[in-house]
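The structure under discussion appears below in the form of structure tokens.
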Amino acid sequence: MIGVKFPGLSGGFPLRDILILIRKDLKVEARARYAMTVAFAFALCAVFMEAVSLGGVQSTARVHSAIIWVTVFFSTTQVVSHIFTREGDEGTELILRVRFHSRDIYIAKFICSLILVTPVALCAVSLYLFFFSIMPASPVLLILLVIAGSCAVAGGSALPSMLASRARGRGSLAALLSVPSVLPALIVLVRGTAISMTEADASLNDVFFLTAYGLFMAGVSVFLFDFSWKE
Amino acid sequence: MSIRLYAENLTHSFGEKKVFSGIDLSVYAGETVAVTGRNGSGKTTLCRICAGLLDPSGGGVILSDGDNVLPRAPSEYVAFISPDMRWYNELTARENLEFFTRDRAGMINAVSLTERFRIADALNEQVGAFSSGMRQRLSLAAFFSMPCVLRIMDEPSSHLDEEGKHILWELLSKNDGIATIIATHDWSEISRAQRRISLA
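Those protein sequence lines, which keep their order, are chains A and B.
Under the numbering used here, the first residue of the first sequence carries the number 1, and numbering increases by one thereafter.
Under the numbering used here, the first residue of the second sequence carries the number 1, and numbering increases by one thereafter.
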């Protein structure tokens with residue numbers, strides 16, 4: 001019996017393939033517009049309902065930031081899960097598997113998620129600040145936190161989204177599965193956002209932590225992605 | 001003739017259900033082998049295992065260029081086509097081909113094949129508007145543009161009209177030294193193959 005276990009694709013780090021995959025994903029998303037439209041609409045509706053139900057109630061910066069990040073989390077995980085589950089839903093998975101290495105597919109989808117999630121998160125936070133008439137003491141820190149938080153959410157929810165694509169629950173299941181892996185980042189985000197609302201000279205430690213967390217989760221997922229991607 | 005694919009004692013199960021067992025298969029350069037069998041006999045599964053898309057439950061597969069054992073990686077050495085392959089509906093046929101072929105040389109080759117398959121006029125249309133026959137022609141143009149040592153075709157003539165089948169067989173009958181495995185129910189295809197393997 002032949003017991004040869006074949007390695008994956010040989011060769012170096014194929015940046016060209018990753019760029020081809022990112023361009024394809026962005027083009028498809030730009031034309032379909034489904035994920036982004038749903039995410040923006042979800043963020044708008046959620047913030048509007050929060051404003052209507054909490055309008056006039058005095059809340060602390062910590063409570064505001066907790067509400068902001070729960071809203072951002074559920075808005076953005078829809079985008080990430082869509083990026084990862086769309087191939088399975090639309091039957092295009094086989095084309096990818098025939099032509100590209102799973103590592104490149106994962107890296108491209110992570111970067112694409114990050115590109116799409118960041119504007120959704122920025123929009124959700126801006127809407128919240130507008131509806132609740134909040135002026136952050138450190139707007140630059142807040143913007144950096146949103147970008148780093150997007151990285152953490154994209155990194156933390158990518159693999160759960162891939163696992164969900166193998167199940168029947170799909171998008172809704174992806175958000176639930178993402179909670180444990182994104183929770184540490186959410187805790188830091190809530191604290192950091194509260195600080196950015198009240199302190200003008202806050203440190204960037206939380207931004208560094210969130211970026212590192214997102215990249216670490218993405219890095220771990222590169223190695224695990226192959227198992228969930230295979231038939 | 002040098003060997004391209006050698007598979008021994010292949011077994012595969014989905015959970016409790018055994019699809020096939022003890023399959024031996026060797027395919028040589030320039031040879032076409034037809035894989036036949038009733039629905040559910042495992043033709044598609046065998047094709048995917050040979051293409052490196054699926055790991056067998058037992059046994060092994062070796063892919064070779066005649067001198068060296070090659071990594072069993074579909075994107076590098078094996079061209080694979082299946083009716084399950086779907087193109088991106090939001091992209092045009094040209095954009096789909098650019099994405100699939102990955103480089104300029106492959107794209108030039110693929111575009112010339114779309115002329116052969118008579119879909120070149122529709123290259124700038126979104127694939128979402130294509131009929132299933134046109135999609136299959138696009139898949140075949142992309143498939144034949146891939147550099148490879150082994151072609152694996154799972155029901156390649158599905159959705160094709162007689163003209164499409166004729167073009168397909170013209171391309172396959174070219175003696176380009178590439179080994180070919182075809183899983184099919186179509187007797188006109190089976191009769192054109194040099195060898196036939198029947199799955200029970």
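Idealized CB from N, CA, C, for every residue including glycine.
Remember, predicted model here, so these are calculated numbers, not experimental data.
Which of the three DSSP states, helix, strand or coil, is assigned to residue i?
{"i": "B:E170", "result": "helix"}
{"i": "B:E8", "result": "strand"}
{"i": "A:R191", "result": "helix"}
{"i": "A:F110", "result": "helix"}
{"i": "B:Y28", "result": "strand"}
{"i": "B:G59", "result": "strand"}
{"i": "B:T180", "result": "strand"}
{"i": "A:T25", "result": "For the record, residue 25 of chain A in the displayed sequence is Asp; it is not Thr. The answer is helix: DSSP assigns A:D25 an H, G or I state."}
{"i": "B:A34", "result": "strand"}
{"i": "B:T92", "result": "strand"}
{"i": "A:S81", "result": "helix"}
{"i": "B:S191", "result": "coil"}
{"i": "B:F143", "result": "helix"}
{"i": "B:R118", "result": "coil"}
{"i": "B:K17", "result": "strand"}
{"i": "B:V201", "result": "Residue 201 of chain B lies beyond the residue range present for chain B, which begins at 1 and ends at 200; the question has no answer from this structure."}
{"i": "B:L199", "result": "strand"}
{"i": "A:V57", "result": "coil"}
{"i": "A:R166", "result": "coil"}
{"i": "B:S2", "result": "coil"}
{"i": "B:L64", "result": "Going by the sequence as given, residue 64 of chain B is Ser instead of Leu. In the structure shown, B:S64 sits in a strand (DSSP, three-state: E or B)."}
{"i": "A:R33", "result": "coil"}
{"i": "A:M1", "result": "Confidence at A:M1 is low in this model, with a pLDDT of 30, below 50, so its placement is unreliable and no value can be given for it."}
{"i": "B:G22", "result": "strand"}
Within the 8 angstroms Cβ cut-off, does residue i reach chain B?
{"i": "A:V63", "result": "no"}
{"i": "A:K109", "result": "no"}
{"i": "A:T60", "result": "no"}
Using only alpha-carbon positions, find the residue among the options that is nearest to residue i.
{"i": "B:G59", "options": "B:E170, B:A193 and B:H12", "result": "B:H12"}
{"i": "B:E8", "options": "B:S26, B:F20, B:H159 and B:K165", "result": "B:S26"}
{"i": "A:G219", "options": "A:G88, A:D104 and A:P14", "result": "A:D104"}
{"i": "B:D121", "options": "B:T92, B:F144 and B:F143", "result": "B:T92"}
{"i": "A:I68", "options": "A:I134, A:G56, A:E93 and A:D25", "result": "A:I134"}
{"i": "B:R4", "options": "B:A29, B:S21 and B:S41", "result": "B:A29"}
{"i": "A:Y106", "options": "A:Q58, A:S65 and A:L159", "result": "A:L159"}
{"i": "A:K27", "options": "A:K109, A:G149 and A:H64", "result": "A:K109"}
{"i": "A:L177", "options": "A:F132, A:K24, A:V146 and A:Q78", "result": "A:Q78"}
{"i": "A:C123", "options": "A:L163, A:I111, A:L19 and A:T76", "result": "A:T76"}
{"i": "B:F130", "options": "B:I152, B:P156, B:W87 and B:E162", "result": "B:W87"}
{"i": "B:F14", "options": "B:L113, B:T45 and B:K174", "result": "B:T45"}
{"i": "B:S82", "options": "B:S64, B:R48 and B:T114", "result": "B:R48"}
{"i": "A:G192", "options": "A:V146, A:A154 and A:F225", "result": "A:V146"}
{"i": "B:L97", "options": "B:F144, B:D65, B:G66 and B:C148", "result": "B:F144"}
Quick one: list the residues of chain B neighbouring residue i, beta-carbon separation under 9 angstroms, in chain order.
{"i": "A:A32", "result": "N89 and E90"}
{"i": "A:I20", "result": "E98, F99 and R102"}
Residues of chain A with CB closer than 8 angstroms to the CB of residue i, please, in chain order.
{"i": "B:S2", "result": "Correct list: empty, because the minimum Cβ distance to chain A is about 17 angstroms."}
Check the Cβ-Cβ distances between residue i and every residue of chain A, and say whether any is below 8 angstroms.
{"i": "B:L199", "result": "no"}
{"i": "B:D211", "result": "Since the first residue of chain B shown is 1 and the last is 200, residue 211 of chain B is not available in this structure."}
{"i": "B:F144", "result": "no"}
{"i": "B:L150", "result": "no"}
{"i": "B:L46", "result": "no"}
{"i": "B:F80", "result": "yes"}
{"i": "B:Q136", "result": "no"}
So residue i packs on residue j, CB below 8 angstroms; how close in whole Å?
{"i": "B:R104", "j": "B:L123", "result": "Not really, about 16 angstroms apart at Cβ, beyond 8 angstroms."}
{"i": "A:G156", "j": "A:S181", "result": "4 angstroms"}
{"i": "A:F84", "j": "A:S161", "result": "4 angstroms"}
{"i": "A:A39", "j": "A:F131", "result": "In fact, because the Cβ distance is near 18 angstroms, the residues do not count as touching under 8 angstroms."}
{"i": "B:V33", "j": "B:I181", "result": "5 angstroms"}
{"i": "A:S165", "j": "A:G88", "result": "5 angstroms"}
At 8 angstroms on the CB atoms, spell out the chain B contacts of residue i, in chain order.
{"i": "A:D89", "result": "Residues of chain B passing the Cβ test: none, with the nearest at roughly 10 angstroms."}
{"i": "A:V120", "result": "Those within 8 angstroms of A:V120 in chain B number zero; the least Cβ separation is about 20 angstroms."}
{"i": "A:D17", "result": "R102"}
Against residue i, what residues of chain A qualify as contacts under a CB-to-CB distance less than 9 angstroms, listed in chain order?
{"i": "B:L53", "result": "L94, R97, V98, K230 and E231"}
{"i": "B:E155", "result": "Residues of chain A passing the Cβ test: none, with the nearest at roughly 14 angstroms."}
{"i": "B:E16", "result": "What B:E16 touches in chain A: nothing, since even the nearest Cβ is about 17 angstroms away."}
{"i": "B:E95", "result": "K24 and K27"}
Establish whether the CB of residue i and some CB of chain C are separated by less than 8 angstroms.
{"i": "B:E125", "result": "Considering every chain present, this structure includes no chain C. Its protein chains are A and B."}
Give the residues of chain B in contact with residue i, contact being defined as C-beta atoms less than 7 angstroms apart.
{"i": "A:I28", "result": "For the sequence presented, residue 28 of chain A should be read as Val rather than Ile. Ordered by position in chain B, the residues that pass the 7 angstroms Cβ test against A:V28 are Y88, E90 and L91."}
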